[in-house]
Amino acid sequence: MRLERGKTIFLLIIALFFELFFPVVSFSQEVPIGTQYQYKVVIDPGHPSENGEGCTSHGLKECEINWKVSILTKQILDQDQKIQVILTKGTEKEYLTNKDRAVIANKNGAHLFLRLHCDYGNGSNSGYTIYYPDAKGKKGDFSGPSDEVIKMSRIGANRVHSGMKKILEGLLKDNGIKTDRETLIGKRQGALTGSIYCETPVVTIEMVFLSNTHDANFLKTDDGIKKMASAIAEGVKNFLISSSKGN
Ligand SMILES: [Zn+2]
1 MRLERGKTIF LLIIALFFEL FFPVVSFSQE VPIGTQYQYK VVIDPGHPSE
51 NGEGCTSHGL KECEINWKVS ILTKQILDQD QKIQVILTKG TEKEYLTNKD
101 RAVIANKNGA HLFLRLHCDY GNGSNSGYTI YYPDAKGKKG DFSGPSDEVI
151 KMSRIGANRV HSGMKKILEG LLKDNGIKTD RETLIGKRQG ALTGSIYCET
201 PVVTIEMVFL SNTHDANFLK TDDGIKKMAS AIAEGVKNFL ISSSKGN
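Residue numbers (the working numbering): 1 to 247.
Written out as structure tokens, the structure is:
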């Protein structure tokens, strides 16, 4: 009896060690019988929202770029039969609050909620940046996301980043991974609104700085839009596929 208990404790310690150092995504959502999908990704083309239509620069509109890249990313991921992609909006100009967008991800039981945006800075800021919530934020009395969502979002941000890097290396500046609190709104609230209401792993991609000439020229061409969509699709696959290997 004592020996059995010792063995159980030993196994628990081993399991804890692996969980701490090799975190594995545990997808609680069951795949409905009869569907071939294993994973659900909700892609959110940012804007129009309570934060307006987004930035405009170098003749480009953020709302339009977010929409174009989202559609193409969906098309690329749709080729993988294991992945179902759901967009938060049906048309480019459809208005949704950032909370509405998170609720769509929650209702669909997304394995990953991906929010696409473009940044605006002074002309010298350039490149792509990945954001995730690393702490709970507050909107009124509501506080979120949960510790589990924070943990999974951190893993998501890392894997999406390394996937994107493979495609965008040498094309756009890589600003790496940052936390929601490093954004203007996240700094005030503790996390971005779209993350606070999230019950799923959430990653926000600021694809470029539209205010930068090089970045704007990159997304002005169909080839640039295609490269960005391929990079994001690669990031999504890198998260979903490599995460499930441990399962
Ligand atoms: Zn935006």
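Just so it is clear, CB atoms sit at the ideal spot from N, CA and C, and this is done for glycine as well.
Could you give the distance in angstroms between the alpha-carbon of residue i and the alpha-carbon of residue j?
| i | j | result |
| --- | --- | --- |
| Ala229 | Arg188 | 31 Å |
| Asp119 | Ser143 | 26 Å |
| Glu62 | Tyr95 | 14 Å |
| Lys136 | Gly190 | 6 Å |
| Gly123 | His161 | 24 Å |
| Glu206 | Pro133 | 14 Å |
| Met164 | Asn108 | 25 Å |
| His111 | His214 | 33 Å |
| Asn66 | Lys226 | 12 Å |
| Gln36 | Cys55 | 39 Å |
| Glu53 | Leu77 | 26 Å |
| Asn106 | Cys198 | 7 Å |
| Phe209 | Gly170 | 16 Å |
| Thr183 | Leu192 | 8 Å |
| Glu234 | Glu92 | 24 Å |
| Gly224 | Val41 | 23 Å |
| Ser146 | Thr97 | 21 Å |
| Leu168 | Ala231 | 7 Å |
Please classify residue i: does DSSP put it in a helix, a strand, or coil?
| i | result |
| --- | --- |
| Leu114 | strand |
| Gln318 | The structure shown does not extend to residue 318, since the chain spans only 1 to 247, so no value can be given for it. |
| Gln75 | helix |
| Asp80 | coil |
| Glu106 | It should be pointed out that residue 106 corresponds to Asn in this sequence rather than to Glu. Correct three-state label for Asn106: helix. |
| Leu172 | coil |
| Asp100 | helix |
| Lys237 | helix |
| Asp134 | coil |
| Pro226 | First, the amino acid is wrong: residue 226 is Lys here, not Pro. Note: Lys226 maps to helix in three-state DSSP. |
| Lys139 | strand |
| Ser124 | coil |
| Lys220 | helix |
| Thr91 | coil |
| Gly46 | coil |
From this set, the options, which residue's C-alpha is nearest residue i's C-alpha?
| i | options | result |
| --- | --- | --- |
| Arg115 | Ser242, Asp222, Ala216 and Thr200 | Thr200 |
| Lys139 | Gly170, Glu148 and Gly186 | Gly186 |
| Ser126 | Thr193, Ile71, Ala110 and Leu172 | Leu172 |
| Leu240 | Glu53, Gln75 and Gln84 | Gln84 |
| Asn51 | Thr88, Lys74 and Lys99 | Lys99 |
| Arg101 | Asp80, His47 and Thr56 | His47 |
| Val149 | Thr91, Ala216, Gly194 and Thr97 | Gly194 |
| Leu72 | Leu87, Thr179, Tyr39 and Asn238 | Leu87 |
| Ala157 | Ser57, Asn212 and Lys237 | Lys237 |
| Ser153 | Lys82, Phe218, Thr204 and Asp174 | Thr204 |
At a threshold of 8 Å, does residue i count as lining ligand 1 (C-beta to nearest heavy atom)?
| i | result |
| --- | --- |
| Glu62 | yes |
| His117 | yes |
| Asn98 | no |
| Gly54 | yes |
| Phe51 | The sequence given here places Asn at residue 51; Phe does not occur at that position. Answer for Asn51: yes, Cβ within range of ligand 1. |
| Asn106 | no |
| His47 | yes |
| Asn212 | no |
| Asn175 | no |
What do you reckon, is the C-beta of residue i under 8 Å from a heavy atom of ligand 3?
| i | result |
| --- | --- |
| Asn125 | Looking at this structure, you won't find ligand 3 anywhere; what it does contain is ligand 1. |
Inset, instruction - Pick out the complete beta strand (DSSP E) segments inside the region 181–209, 3 residues or longer, and give them in chain order. - result: 202–209
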